[in-house]
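Enquirer: Okay, here's the structure, questions in a sec.
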Amino acid sequence: MLTPEIRYAVEDLIHAYVHCIDEDELEEWPSFFATECLYTVMPRENLDQGLPIPLISCDSQGMLSDRVTAHRQANIYGPHFYRHQVSSLLLTPQADGSIAARSNYVVFRTWADVVQYGSTEVYSVGTYRDQIVFENEQPKFKERLVIVDTCRVDSLLVTPL
Amino acid sequence: MLTPEIRYAVEDLIHAYVHCIDEDELEEWPSFFATECLYTVMPRENLDQGLPIPLISCDSQGMLSDRVTAHRQANIYGPHFYRHQVSSLLLTPQADGSIAARSNYVVFRTWADVVQYGSTEVYSVGTYRDQIVFENEQPKFKERLVIVDTCRVDSLLVTPL
Amino acid sequence: MLTPEIRYAVEDLIHAYVHCIDEDELEEWPSFFATECLYTVMPRENLDQGLPIPLISCDSQGMLSDRVTAHRQANIYGPHFYRHQVSSLLLTPQADGSIAARSNYVVFRTWADVVQYGSTEVYSVGTYRDQIVFENEQPKFKERLVIVDTCRVDSLLVTPL
Amino acid sequence: MQTGAAEQPIEIQWPEEAETRVPYQVFLDSAIYEREQERLFRGPVWNYVGLEAEIPNVGDFKATFIGDTPIVVTRGKDGGLNAFVNRCAHRGALVCRKPRGNTHTHVCVYHQWSYNLEGDLIGVPFRKGIEGKGGYGADFDTAQHSLHKLNIASYQGLIFVSFARELHSLEDYLGPQMRPWLDRLFARPIQVLGYSRQYIRANWKLYAENVRDPYHASLLHLFHTTFGLYRSSMGGGVIMDEEGRHDMLRSYKRTEEQETAAYKDAGLRTYNKGYGLADPSLLQSRQELEPHLTNQIQTIFPGLVLQQIQNTLATRQILPKAPDQFELIFTYFGYQDDDEDLRAIRLKQANFVGPAGLISMEDGHAAEIVQQAIGRDKDASSYIGFGGDDVSDQENLLTETAIRGFWHYYRDVMGFAA
Amino acid sequence: MQTGAAEQPIEIQWPEEAETRVPYQVFLDSAIYEREQERLFRGPVWNYVGLEAEIPNVGDFKATFIGDTPIVVTRGKDGGLNAFVNRCAHRGALVCRKPRGNTHTHVCVYHQWSYNLEGDLIGVPFRKGIEGKGGYGADFDTAQHSLHKLNIASYQGLIFVSFARELHSLEDYLGPQMRPWLDRLFARPIQVLGYSRQYIRANWKLYAENVRDPYHASLLHLFHTTFGLYRSSMGGGVIMDEEGRHDMLRSYKRTEEQETAAYKDAGLRTYNKGYGLADPSLLQSRQELEPHLTNQIQTIFPGLVLQQIQNTLATRQILPKAPDQFELIFTYFGYQDDDEDLRAIRLKQANFVGPAGLISMEDGHAAEIVQQAIGRDKDASSYIGFGGDDVSDQENLLTETAIRGFWHYYRDVMGFAA
Amino acid sequence: MQTGAAEQPIEIQWPEEAETRVPYQVFLDSAIYEREQERLFRGPVWNYVGLEAEIPNVGDFKATFIGDTPIVVTRGKDGGLNAFVNRCAHRGALVCRKPRGNTHTHVCVYHQWSYNLEGDLIGVPFRKGIEGKGGYGADFDTAQHSLHKLNIASYQGLIFVSFARELHSLEDYLGPQMRPWLDRLFARPIQVLGYSRQYIRANWKLYAENVRDPYHASLLHLFHTTFGLYRSSMGGGVIMDEEGRHDMLRSYKRTEEQETAAYKDAGLRTYNKGYGLADPSLLQSRQELEPHLTNQIQTIFPGLVLQQIQNTLATRQILPKAPDQFELIFTYFGYQDDDEDLRAIRLKQANFVGPAGLISMEDGHAAEIVQQAIGRDKDASSYIGFGGDDVSDQENLLTETAIRGFWHYYRDVMGFAA
Ligand code: FES
Ligand code: FES
Ligand code: FES
Ligand SMILES: [Fe+3]
Ligand SMILES: [Fe+3]
Ligand SMILES: [Fe+3]
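Below is the structure:
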């Protein structure tokens, strides 16, 4: 049984993660993860067939921040915002003291380009499978697996889910 | 005033229900309901006019499991996944010890057929009106009324909302 | 650190607000606000450029109720329902005893007109920035700022977000 | 996609064995869709638009469609029925924006021109201007600015509307073969029990075929066979009107021996995999109409389907929306004198029909997978030679005769006949 | 839907009483939409694209549209204005993907061809290849590969762009009837206060009619009458340019007696149902411009609307997106020397206008319900005979004369004149 | 939008310098899209549809598309390959609704007609009716009602299907220039590692150009230059088949001195802004194929792209969906004998490619911004004169020669040649 304090801390982690991305504060994004971490975006199509190829995988904080640098400096894509909805959060304490979490996400993408400025569409839906640990009393994602139902990616995937 | 324990138990019921359906574990679906139960999917159009015809109604666990058997063995439909979002949950303890719950849902449908594989659309939005009871200390839906705003059903309705 | 009681009260405010609008009980809508209040609907486009023009702004309960009266009596628009999803709620107690809240919203609009009856679309996504105070032990919105990502408004905006 | 006011010429080649072939082009071509709106839905037909029970009182209205033209049906002051196109005579706005309601005056929201229940213009704001300035001149004649009125008639409480000025009476249009079956369903006063709506990504005629097709019943809808409720054949038959455009499919349970024999004949595998209904209360039904039938599925060209499936009674209105989209609106009803038990049976059996119907949800899907498959093959054809190649009543259900009847009449109306 | 490089022929039959009738086909037909892009938006007109105040500094740019062609407007090194089509001369990518910004060089992301603020090609990566291999030959002439440059001019800080090579000066295009009213609004330096965007599922010309239509003001927009703020008529009038394509509607409050008389004339029911504003602070306004007007609604053909509605000042840009879709972009402004109070009044009055405007939200809806009603009736026509059948300035608001002026000029440009 | 069974005439004017110009009309026109389906995808070409490794066992099937026609590929009882159009011979339903699976009989859900793995009709429910009534007549010949069978062949485990009845062998179609490079990639048994799908709002030929375009590599994809990983040029070259329709772009790292020289030649600014990779493990790769290449990007007309980008191996299938939409399906593979480390490298390098690929996500965007810019300028043209105006193999990467090759062949097949 999780204490309310721990629940609130974990819920805040999961909610703050969303605002970090949606408010375009990507530079903070790696800090939501533990020192040793794994972030994987996996099409449901592959997972269901036992195939290992991900859309994105980062097995270190360094790789996370390289994604952010690429996002800011290298990659070319249509200007846009994300807006997440995350709900149906279930928390399960694990034997090793970590917490397993699952929740559903939707990302709406709003274009900020000249052609479709201010129009919004359902961009991606799926589910998060997290392992959460406490480092310095702060909850962090040891692992965040993003299972993408919407495996037919519209245009491209550059901003993390 | 509900205790945090009861709140958490009820919230978990409502969230786990969603994952059961979205992860295609429909065989477990009837177990979310009380021994005596009522599950009704009602178009808002009829409700607003006081008309009684539902899209689906099951007044026993048997009827729920017959729906699942039909889903698995009999009905023909385009392969798809659901992904729910459920939020704005309000809980109200009732005089008889049960709990009334209301929440809003959205279901996104992702096609898994050959033509539109991996594309997602808003399939149905509406609201849940629940009566929740404890059986063997487990919260269960005594009644779940699904009021469907999206009463113009796209293609068909086979997977429960 | 907020007590569970206060958290529940604030969460209930935020959730009940949604049901008030979605169930078309707009006459109750102003009562979710404090005696002195500010409700602003602001396109992200303007906010990001530091431009002050809002879509809607009401700086009194009177202006809120005038909006409702206009909605009921004066304005002409296609019959429709809203259905909100609100999630990723973060609460932060403020020095002055008020509570800052942020959350993401989506509004789905379902048409109730003769042409598209019962069809649903993503109407608006964005985020709420709230300042919540307690008046007579009831939480109220001192300020609710609705930042609209979907600044290309589809058709028109008459029902409050 | 219109490119001018005149009708577009259509190049279509019906295959040689025309009675048993349908070129897929008819489900795809937007010019054909356009012509259907003009020649067929606005042509020499009576279009079902609703039930009198939906608009019992003076001022009651229902807004709906003929083809994809918006129209309004009203109950007039004299208790009579009226219909008009839902387009303001001033600058073309929808006059009636809600699907149903009650009003004695239909007021267009744009400039408040107002119309009475018959569609006559009765009010024009600032008609004479103000202080002699502006407004309409003395020659402005409200009679020239009524709504476009349509012919309306009803039979047994079913309302039909037609754009055609000269036309057979509704009774004649329904014909002596069809009327008795309408009489069967509407002998007692009815009560509307609810609606459901289904939006299908397919051409409307794929559904028109589907409801005239008894072949698919036990093959596409597997509920009964899965649960071992009956085997794969029933007794029944098909009746059509003289033109072959309307039809009535009836089916009834046969004796055990008949079924077994039929089953052997068909050489079909059984679907009964040992599943049983956990709650058989769903099967409870009551024989209520003479003659006893399990199902009566009746069509009135172009867009009405009437159903009695056990104790569920409903009309279905087929509304084309685009070459590859249509909406299907179910209106469920019972009788005003239903006892409580019978009413409860109807509500429970609602599980069988409509968009979530255990034995009917598949029809929309069937239409959709045809539309998905044929898009690139408009020159290929479907084959409708099951049960022969003619259009004639049958005392069995293993036939596509009513589909052939539909196309025969369709080609005629559309100018596609040889 | 283009089927070849040549212009499609269009069969259109304008009704006999051509000046007071508009066949609905013009709102539906995709061939007409295509021709509008060529003959009208790219034709002998000046298209409003923005305000100089939006791009005050060297290198500032605004990306927008003429018709549905993407273009860019820039402030050049010399402080002058430039415009070009937003399509790379290499392989056609959008050069400028953001709606606004500042840069001295526009670089296409695909192969980094770069252009200066005038649209001249100034950089081509690997132009000469590497080590003598690849790249462009010696005859490659950057001057042949500039962006498509457009004519640009401004009047009182309003920027206009034209595809036409030979054209009246902007001043002449605006004309002596219209210019004084632009002068009225732009006498002092302005400051942009914000934007709003509205996407409407209707043909853009339904909105062009709407803004030239004083008839609907008190009949569609019920806010004032509901709250008993004034009765159903105002003083005012309509002024047009010589061609009838631009217009200016002005309205002002009349005296109590005038209103009462007018009201009696109209024979209108009142809408005042006893509602009062709970917070009348919304009504606070200040007379600031000469002559005093409650509203100035001015159009410059084809796509500009200028508004002064009490103290809200805005331009509206009408951008067609498809035969049945357009976007409306409001750019709100005040004056740089606004005092704090006046600025606060403008912000509060923003509640009146735009997509959520208490007295304006209805216009988009009106356009949409026309589009919904007429789809199947392209051969029918609207009737625009209010206030006569000619195109002439009026000293009253009960007239569709400016709508007639619009269509008169439209038919001319489009080749639809008799 | 078909308006009849015959092919629509297309008016298209290729500019005079035809080899270096592409009129934007080809990316916009729906009649051209229609003709491509007939003449090109169903024409004298072999269409890539998948890998033998995807359907290794008897009964395995893969449902996919040729152009936008749905088809099915199966592994037959004899281990051979079969292909047929995914459209039931009865009334046209999709027979196979899932993208992959295993079955020995393909049963149409509508009326349960069943087909064997070759596409022959083998079962028809109620074929002979029941008790002598209904069903098909004695002359019903199942052989006349098979699925539409297609030619199928494979080379090195790559499966190709053709509608054409008379056609060069697959080996000849690939040609002696292309085959060695297929051999390079498929010398050892492969294993499918996963899929990704990308839906792009652009004409498919904009992507066909993109993959034949080495010009954009270091200019659009800025990952390497941003992180200072290499400078803006590589060694490489372009090889084509005789028709110029297929091509192979290879690139490899040059020595430091070569790079520096090349860099000076180009006169390009560097993008290295001082960013370094925080985790360089991403760069780990292994040389595994002879000859050593950094990248092999090979196209087989019309819709196959084969890639070796460092250690990521994949096929890409280009599926047109509409004039302005296509889907791109990546099928990633490795070799069955990969050691664990190599497999880990492939999985990590998956970050480089596909819809989220650090050095490839931009391609879809590039296609989209072209589509967005050209919509209104179908008479304008792109300029593809980089590296000359001919179609010939090149030992450098600063050339659009393979793009010219594509269009040369395209014009021929489509009947657009001078
Ligand atoms: S359009 Fe109906 S009153 Fe003007
Ligand atoms: S398309 Fe602009 S540089 Fe190539
Ligand atoms: S359509 Fe396939 S069996 Fe009838
Ligand atoms: Fe059926
Ligand atoms: Fe207006
Ligand atoms: Fe690339």
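Protein chains in written order, with the working numbering: chain A, -11 to 149; chain B, -11 to 149; chain C, -11 to 149; chain D, 177 to 594; chain E, 177 to 594; chain F, 177 to 594. Glycine included, C-beta positions come from ideal geometry on N, C-alpha and C.
Quick check on residue 41/B: does DSSP put it in helix, strand or coil?
Expert: It is coil, neither helix nor strand.
Enquirer: Figure out for me which residue from 585/E, 573/E, 565/E and 580/E has the closest Cα to the Cα of residue 314/D.
Expert: For residue 314/D, the nearest C-alpha among the options comes from 565/E.
Enquirer: Count Cβ pairs between the stretch 312 to 330 of chain F and the stretch 200 to 220 of chain F that sit closer than 8 Å; are there 3 or more?
Expert: Taking 8 Å as the limit for Cβ pairs, the verdict is that the stretch 200 to 220 of chain F does not touch the stretch 312 to 330 of chain F.
Enquirer: Is residue 282/F near ligand 3, going by C-beta to nearest heavy atom under 8 Å?
Expert: Result no, Cβ not under 8 Å from ligand 3.
Enquirer: The alpha helix (DSSP H) that contains residue 66/C, what's its start and end?
Expert: Careful: residue 66/C lies outside any alpha helix (DSSP H) and carries neither H nor E.
Enquirer: Compute every distance between the C-beta of residue 425/D and the non-hydrogen atoms of ligand 4, then say whether any falls below 8 Å.
Expert: Answer for residue 425/D: no, Cβ out of range of ligand 4.
Enquirer: Compute the Euclidean distance between the alpha carbons of residue 521/E and residue 24/C, then round it to the nearest angstrom.
Expert: When rounded, the distance between both Cα atoms is 19 Å.
Enquirer: Using a 10 Å radius around the Cβ and a threshold of 16 neighbouring Cβ atoms, would you call residue 245/F buried or exposed?
Expert: The residue is buried, with at least 16 neighbouring Cβ atoms inside 10 Å.
Enquirer: Can you give me the C-alpha to C-alpha distance between residue -1/C and residue 558/E, rounded to a whole angstrom?
Expert: Between residue -1/C and residue 558/E, the C-alpha separation is close to 53 Å.
Enquirer: For residue 396/E, verify whether its CB is less than 8 Å away from any heavy atom of ligand 5.
Expert: The answer is yes for residue 396/E.
Enquirer: Residue 338/E by DSSP, collapsed to three states: which one?
Expert: In this structure, residue 338/E counts as strand in the three-state DSSP scheme.
Enquirer: What does a CB cutoff of less than 7 Å around residue 31/B pick up in its chain, not counting 5 residues either side in sequence?
Expert: Same-chain partners within the cutoff: 43, 136 and 139.
Enquirer: For a quick check, are the C-beta atoms of residue 90/A and residue 7/B less than 9 Å apart?
Expert: In contact: residue 90/A and residue 7/B (Cβ atoms closer than 9 Å).
Enquirer: With contact counted as at least three CB pairs below 8 Å, one residue from each stretch, are the stretch 92 to 107 of chain C and the stretch 56 to 71 of chain C in contact?
Expert: Touching, per the Cβ criterion.
Enquirer: Tell me, please, whether the stretch 326 to 333 of chain E touches the stretch 467 to 474 of chain E by the rule of three or more beta-carbon pairs shorter than 8 Å.
Expert: Touching, no, given that fewer than three Cβ pairs across the two stretches are closer than 8 Å.
Enquirer: List, in chain order, every chain F residue whose beta-carbon is nearer than 8 Å to that of residue 66/A.
Expert: What residue 66/A touches in chain F: 541, 544 and 545.
Enquirer: Taking the straight line between their C-alpha atoms, what separation do you get for residue 336/D and residue 371/D?
Expert: The straight-line gap from Cα to Cα measures roughly 19 Å.
Enquirer: Specify, as a first and last residue, the run of the alpha helix (DSSP H) that residue 8/A falls within.
Expert: Its alpha helix (DSSP H) spans residues -8 to 10.
Enquirer: State yes or no: is the beta carbon of residue 262/D nearer than 9 Å to at least one beta carbon in chain C?
Expert: Taking Cβ atoms only, chain C reaches closer than 9 Å to residue 262/D, which makes this a yes.
Enquirer: Is residue 536/F a contact residue of ligand 6, with contact defined as CB to any heavy atom under 8 Å?
Expert: Yes; taking the cut-off as 8 Å, the Cβ of residue 536/F has a heavy atom of ligand 6 nearer than that.
Enquirer: Whole angstroms is fine: what's the gap from residue 187/D's alpha carbon to residue 190/E's?
Expert: If I take the Cα positions, the gap works out to 28 Å.
Enquirer: Taking C-beta pairs closer than 7 Å, name the residues in chain F that residue 200/D reaches, listed in chain order.
Expert: Those within 7 Å of residue 200/D in chain F are 268.
Enquirer: Can you tell which of 274/F, 194/F, 470/F and 479/F has the C-alpha that lies nearest to the C-alpha of residue 421/F?
Expert: Selected option, being the one with the closest Cα: 479/F.
Enquirer: Kindly indicate which three-state DSSP category residue 415/E falls into: helix, strand or coil?
Expert: Strand at residue 415/E.
Enquirer: Given the structure, does residue 344/D come close to ligand 4, in the sense that its CB is under 8 Å from one of the ligand's heavy atoms?
Expert: Not under cutoff, so the answer is no.
Enquirer: For residue 129/A, I'd like the list of residues in its chain whose CB is within less than 7 Å of its CB, leaving aside the five on either flank, ordered along the chain.
Expert: Closer than 7 Å at the Cβ level, and outside the excluded window around residue 129/A, lie 20, 21, 22, 25, 118 and 120.
Enquirer: Kindly indicate the opening and closing residues of the alpha helix (DSSP H) around residue 589/D.
Expert: Residue 589/D -> alpha helix (DSSP H) spans 577 to 590.
Enquirer: Per DSSP, residue 325/F is paired with what?
Expert: In DSSP, residue 325/F forms a bridge with 260/F.
Enquirer: Measure the CB-CB distance between residue 151/A and residue 148/A and report whether it falls below 9 Å.
Expert: As shown, chain A starts at -11 and ends at 149. That puts residue 151/A outside it, with no answer to give.
Enquirer: Tell me whether residue 393/F, by its Cβ, gets closer than 8 Å to a heavy atom of ligand 6.
Expert: Yes; taking the cut-off as 8 Å, the Cβ of residue 393/F has a heavy atom of ligand 6 nearer than that.
Enquirer: DSSP three-state call for residue 315/E: helix, strand or coil?
Expert: Reduced to three states, the DSSP call for residue 315/E is coil.
Enquirer: When we look at the beta-carbon of residue 280/E and count the other beta-carbons within 10 Å, is it buried (16 or more) or exposed?
Expert: Burial call: exposed.
Enquirer: With DSSP run on the structure shown, which of helix, strand or coil describes residue 516/D?
Expert: Three-state DSSP puts residue 516/D in a helix.
Enquirer: Counting only C-beta atoms, is residue 595/E closer than 9 Å to chain A at any point?
Expert: The structure shown does not extend to residue 595/E, since chain E spans only 177 to 594, so no value can be given for it.
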